[in-house]
Amino acid sequence: MPIDATISFWEQEEFLRADVCIVGAGIIGLSLAAELLERDENLRVVVLERNTLPTGASTKNAGFACYGSPTELWRDVRTLGTDAVVELVRMRKQGLERLRTRLGDEAIGYQQCGGYELVWGNHAAVLDWLDKINTLLQPVFGSTYVVQCDERIAEFGFGSSVEHLLALPHEGRINTGQMMRALLRYVTERGGLVLTGTPVLRVEPSADGAELLAGTAIGGQLRFRARVAAVATNALAPSLAPCLAARPGRGQVLITEPLDRLPWDGVFHFDEGYYYFRNVGRRILFGGGRNLDLEGETTDQLALTERIQSQLEEYLRTLIIPGVSVQIAHRWAGIMGFREPALPAVEWCADRVLGVFGCNGMGVALGSLVAATAAERLEAVLLQSHHGAQA
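Take the position in the sequence shown, starting the count at 1, then add 186; the result is the number in this note's numbering.
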């Protein structure tokens, strides 16, 4: 066997060996590390991230603390059924509560500012379903989920095409960057090791756990050995574990320069959740439009398209803040992970290799809860292997 003179004994022992290796330092991966370290502070947990910053949507999302707009839930009921949608909303609520409890509202910039959905055209049929939504979700939230408030359309200054406005008092927002920095700090303060710029090339089960082959910034390779491994790269999971049926979905976003004033405050949705906007101070952050080209936006390429960016600008100037001159400060894209049905998955893709994926654009709300489920699965295997070693 050739000797790798670039790796020291110390590096082999302290960096390349772990109880758990997690691929992906996004919301799911770091939340999984946090869960494991909360359960056993002595675990050696290593998180590997291919980029300097998380690659998918964890640091690129709009920072919505939401559970599903009425038109979105109405669509999902027709495809998933009532019981599944209620359970999905419950999971989103529990996941967000877990995130807030772990890190604290101040650390993640959480504000329960309330949300709204703008409705017009065929989507107005959802108005007949509002009482049903409130009845179904009363056990989850303990109070009314949605209230029609058309009288506020003029107050908010929206375009004339907006026919109805629905208030969602339980919704809120976070500061995405603050949240991810707080989560990273939480993991490292508890002894977790997070290595960025470490793209994992291959994950394989081994005789006593799992092996992960990763690249380095200078063109070398590292071989990590762990008792168990988890692939938590969401949309990018199939590249390492083809058995995981996740598909990417690109979200394009823009943010304006600060405006002199904004007539509204909160988080907003329209068109079954495909479009979403909020204020960041006196700026407007606006994203979506994936449904204009679902096939083209099923990609893991971080790029912008003229078609979607033009539509975002059109809605911005005619619907969201008509009659006001706005300047675009920045644009970007992020990659979400989707699966059918629209429920997150925690699946073994090989012996000692767990896949965690498919938050379907709801990683902020679902990530912490999905990570808890994954931690339970990994913990059971670790306990089993410990007993086996003792025997």
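Note that the Cβ used here is the ideal one computed from N, Cα and C, for glycine as well.
For residue i, collect the residues of the same chain with a Cβ closer than 7 Å to its Cβ; drop the 5 residues on either side in sequence, then sort them by chain order.
i: A558; result: E221, R284
i: D537; result: P391
i: S244; result: G212, I213, M366, G549
i: W534; result: L540
i: Y296; result: A251, R286, G358, I360
i: H573; result: The predicted model places H573 with a pLDDT of 48, which falls under 50 and marks its position as unreliable; any figure quoted below should be read in that light. Taken in chain order, the list of residues that qualify is empty.
i: L387; result: L399, A400, G401
Drop a sphere of 10 angstroms on the beta-carbon of residue i, count the other beta-carbons inside from all chains shown, and report buried for 16 or more, exposed for fewer.
i: G249; result: buried
i: C429; result: exposed
i: G482; result: exposed
i: L398; result: buried
i: L564; result: buried
i: M187; result: Caution is warranted here: a pLDDT of 48 is assigned to M187, below 50, making its placement in the model unreliable, and the coordinate value is therefore given only provisionally. Exposed, since its Cβ has fewer than 16 Cβ neighbours within 10 Å.
i: A577; result: Its pLDDT being 42, under 50, A577 is placed unreliably in this model, and the value from its coordinates should be taken loosely. Exposed is the call here.
i: S496; result: exposed
i: F344; result: buried
i: T268; result: exposed
i: H516; result: exposed
Between which residues of its own chain and residue i is the CB-CB distance below 6 Å, once the five residues before and five after are set aside?
i: A566; result: none
i: G281; result: A551, L552, S554, L555
i: V512; result: T442
i: G544; result: A432, G523, R525, P530, A531
i: I327; result: The residue asked about is misnamed: residue 327 is Phe in this sequence, not Ile. Excluding residues within five positions, the ones whose Cβ falls inside 6 Å are H356.
Give the DSSP bridge partners of residue i, in chain order.
i: F250; result: R359
i: F579; result: Limits of the chain in this structure are 187 at one end and 577 at the other, which puts residue 579 out of reach.
i: F454; result: Y302, F463
i: T442; result: I514
i: C207; result: V232, A415
i: F410; result: L398
i: P391; result: A396
i: R469; result: V466
i: W260; result: Bridge partners of W260: none, in fact.
When you compare each of the options to residue i by their alpha carbons, which one comes out closest?
i: T491; options: I470, S244, Q438, R230; result: Q438
i: M277; options: R563, L552, R469, L569; result: L552
i: T442; options: A431, R468, A421, A427; result: R468
i: L352; options: I404, N465, T257; result: T257
i: L426; options: N320, Q513, G210; result: G210
i: D336; options: E357, N361, Y302, A311; result: Y302
i: L289; options: E224, N477, L478; result: E224
i: Q364; options: D291, V348, V312; result: D291
i: R447; options: I494, Q487, F342, Y501; result: F342
i: S255; options: K246, L274, E500, N237; result: L274
i: G378; options: L568, V206, Q198; result: V206
i: N237; options: V380, N308, F195, A311; result: V380
i: L505; options: G435, A515, A340; result: A340
i: A489; options: A519, W306, F327, P449; result: A519
i: E227; options: R261, L323, R376, S329; result: R376
i: R503; options: K246, S346, L370, L569; result: S346
Please work out which residues of its chain come closer than 8 Å, Cβ to Cβ, to residue i, disregarding the five sequence neighbours upstream and downstream, and give them in chain order.
i: R203; result: R230, F410, R411, A412
i: A403; result: G383
i: G473; result: A248, G437, Q438, V439, L440, Y461, Y462, F463, L498
i: P444; result: G467, R468, R469
i: N477; result: D457, E458, Y460
i: Q334; result: L313, L316, H350, L351, L352, A353
i: E357; result: F250, A251, C252, Y253, Q298, C299, G300, G301, G452, V453
i: G259; result: Per the sequence shown, the amino acid found at residue 259 is Leu instead of Gly. If we look at L259 and ignore the five residues flanking it on each side, its Cβ neighbours are V271, V275, I319.
Under 7 Å, do residue i and residue j count as touching if we go by C-beta distance?
i: L218; j: A415; result: no
i: A421; j: I521; result: yes
i: N546; j: A560; result: no
i: V389; j: V539; result: yes
i: G406; j: T192; result: yes
i: L304; j: V348; result: yes
i: A400; j: L234; result: yes
i: L480; j: V373; result: no
i: P434; j: D394; result: no
Does any residue of chain D bring its CB to less than 7 Å from the CB of residue i?
i: G395; result: Absent from the structure: chain D. Only one protein chain is present.
Report yes if the C-beta of residue i is less than 6 Å from at least one heavy atom of the ligand ATP; otherwise report no.
i: V453; result: Absence of the ligand ATP from the depicted structure is noted, as is the absence of any ligand whatsoever, leaving it without description.
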